[in-house]
Structures are given as C-alpha cells and as structure tokens.
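The next block holds one structure in the form of structure tokens; read it before the comments.
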Amino acid sequence: METRSEVRGDAAHESSTMVIRSHIIGKVSEYSLNEDFEVYLERLEQYVLANMVEDDRKGSVFLTVISPEVYRILRDLCDPVLPKDRSYEELCALLRKQFAPQLSVFRKRIEFYESKQSFNETISEWYVRIKNLAIPCKFGAVLEGNLKDRFVTGLRRGPVLDRLCEDGQEKTLTELVDIALQKEASLKQQINAVVQDMNKMTVKGKVYKKKEQPRNEKKKKS
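Letter by letter, the sequence shown follows residues 193 to 414 of this note's numbering.
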C-alpha cells in the first residue's frame, strides 16, 4: 500500500513532467518545395528530440509542419490510405523519394577534386567549402584523406601553401588546418604592421611639407 508521501511524490513528478513537456523548445518552419528535404528532416528530428515527442506522435507533428502544397503531394503518394494512417518513417521515405535529387556521385567528386581556393577566400571559408563539397561524394572511410589532400593541394599558391608543404603527410586534417590558420594570422599581422608604418611615414611627410612651406614663401618675397 502506498504512503501519502509516495503518492505526493508521484504526483509532483507527473506535474513537473507535464510542465516540462508543455514548454515547447524551438520552432520548425513549414517545409516548402524549394528546400533541401534532407536538411529539413535533420532539423525536424532535432526538434522532436528536444521536445521529447513520442514515436507514435512524430507523424502527426510532421504533417502539421509541411506546407499545404506538400501535404497534397503526400496525400497523392499515400493513396489509397490517408497520410495519417502512415508511420513517420513511411512518410519520410515517400517524400525523400519524391524530393531527393538524383545526384551523380562521380560528378560531385569531379567538382570536389577541381575545387580551388578563390582569391578572397579565407582558410576557414575554404575548409568549410570543401567539407560541404565532400558530403554528396560518399567517400566513406577515405573521407579524411581526401579532405586533407584537397585542403592542401587546392590552396592558392603563396606562403600558406609553402608552409604546409614543409610538413609530412602524417599530419592530420585538423593539424593542417590549425597550421594554415596560424600562418594566415601571422601574414595578416605582418601586412597590418607594414600598413601602419606606411601611414606613419605619410603623416610625417605631410608635417615636413608644412614646415618647409614658410621657407619657400620667404624666398618668393625676397
């Protein structure tokens, strides 16, 4: 037989659970046709996890966050049953097949291997870009090695590339990125120092000219 304290404890626990679940964390916008469906599913999955949505309710949540246009498409795909009668996994599979672009892995790899750091692109921006380019390439176990090769060989010619070529291939991708970032920062400091020196020389030159001006005027008067 339960004591009053145990009953009160259970009631308090249930009450606190209800309070937690009544507080919605985050917001998921409607899915529209011009969005990347895989990226949208990743966001939706994090949303349902953060809000502790039970598995049997995921489908209902999904159906409420897709646009009316997408729902009509899904309704046609589910025929002869309604979308509400399908599981969350089935709904995702149907729309994934409908919206996921049919990409050529080899074409994506060509794009990856031919990528080069642009003139105004920082090391961080270059690293993020090749990481994104590698996603559809399906490199699997060789991803780290391919990213490392592309990161170094795709750098524009200059001090950063020269510095990385001094190291052996045993360096990890993270280590190479750190070295490149440090070299980039060092170069920026050197450039800033040169600019400051030039500005100081320019200011001194202007002051010198102002001091010389009265002498020139005296010569003209004489």
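C-beta: ideal position from N, C-alpha, C; glycine also. It should be emphasised that the depicted structure is a prediction, and the values quoted were computed from it without experimental measurement.
query, result
"Alpha-carbon spacing of R213 relative to G251, whole angstroms", "In this prediction, R213 has a pLDDT of 45, which is less than 50 and means its spatial position is unreliable; what the coordinates show is noted afterwards. Near 18 Å, if we compare the C-alpha coordinates of G251 and R213."
"Cβ neighbour criterion (16 or more within 10 Å) applied to F343", "buried"
"Beta-carbon spacing of V352, K330 below 9 Å", "no"
"Element boundaries [alpha helix (DSSP H), containing R267]", "P260 to C270"
"Bridge-paired residues (DSSP) for Y223", "I258"
"DSSP three-state assignment for S208, whether helix, strand or coil", "Unreliable positioning characterises S208 in this predicted model, as indicated by a pLDDT of 34, which lies under 50. The coordinate reading is nonetheless provided below. Helix, per DSSP."
"Reduced DSSP secondary structure (H/G/I, E/B, other) of V199", "With a pLDDT of 43 at V199, under the threshold of 50, the modelled position of this residue cannot be trusted, and the question is left open."
"Inter-residue Cα distance where the pair is P328 and L373", "26 Å"
"Spatial distance of S221 from R235 (CA atoms)", "10 Å"
"Y319 to E303 span [Cα, whole Å]", "15 Å"
"contact_flag[the stretch 245-264, the stretch 273-286] where n(CB pairs < 8 Å) is 3 or more", "yes"
"Cβ-Cβ separation, F229 to L287 (assumed contact under 8 Å), whole Å", "6 Å"
"Proximity below 9 Å, CB of S307 to CB of G346", "yes"
"Backbone secondary structure at T364 - three-state DSSP", "coil"
"Where K340 falls, given that 16 or more other Cβ within 10 Å makes a residue buried", "buried"
"Rounded distance between the beta-carbons of L368 and L379, thought under 8 Å", "17 Å between Cβ atoms; not a contact."
"Cα-Cα separation between A219 and G350, rounded to whole angstroms", "First, the residue type needs correcting, since residue 219 is Lys and not Ala in the sequence shown. Whole-angstrom Cα-Cα distance: 45 Å."
"Buried or exposed (CB count within 10 angstroms, at least 16 for buried), F254", "buried"
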